[in-house]
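**Student:**
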Amino acid sequence: ACLFVKRGIRLPNFLFGGGQEQGRRAGTENVLLIAGIGKAAEVVAGELDSLAEHMWSMRSRLLERLRTAFGSRVSVNGPQDRSRLLPNTLSVSIEGVKAGELLAALGDKVAASAGAACHSGGAT
């Protein structure tokens, strides 16, 4: 992460300890983690197109299976234009199915939620 602070602006410290970064934060950078993230980014950059296609394929497969199981009760939420979608995300509504019950039935077979983290505290 990087933070640019305009000259003349004073920010309060949110971590206290050493005087790194002109006293703005405490602690030493985790060099191994930084190098690992850099290498991971390098690997992913070389495989981005094939990874995206794989994610599109898995997204389509999941939608197909949901439609097989629930028929016309499945509605895809959000835009329909592929250029405005994420290949690794599918948002659906299933008429007559309670989100909590579906999540319980899925267990750990699919990474799923019944809402966004910013709406935590209850299923939507």
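Taken in order, the sequence shown gives residues -1 to 122; the numbers are from my numbering.
Using N, Cα and C, we set each Cβ at its ideal position, and we do this for glycine too.
1. R5: buried (16+ other C-beta within 10 angstroms of its C-beta) or exposed?
2. Please name the residue or residues paired with S89 in a DSSP beta bridge.
3. Do G25 and G15 have their beta-carbon atoms positioned less than 8 Å apart in this structure?
4. How many angstroms separate the CA atom of S111 from the CA atom of G105?
5. How many angstroms separate the CA atom of G94 from the CA atom of R71?
6. Which of the three DSSP states is assigned to S73 in this structure?
7. Reducing DSSP to helix, strand and coil, say where F2 ends up.
8. Secondary structure at L31, three-state DSSP: helix, strand or coil?
**Tutor:** Checking against the coordinates, here is how it stands:
1. Counting Cβ neighbours within 10 Å, R5 comes out exposed, since fewer than 16 surround it.
2. By DSSP's assignment, S89 forms no beta bridge with any residue.
3. Yes, the pair counts as a contact, with Cβ atoms nearer than the cut-off.
4. Going by the C-alpha atoms only, they are around 11 Å apart.
5. Each residue's CA atom was taken as its position, placing G94 and R71 some 8 Å apart.
6. Three-state result, S73: strand.
7. F2: coil per DSSP, three-state reduction.
8. DSSP places L31 in the helix class (H, G or I) of the three-state scheme.
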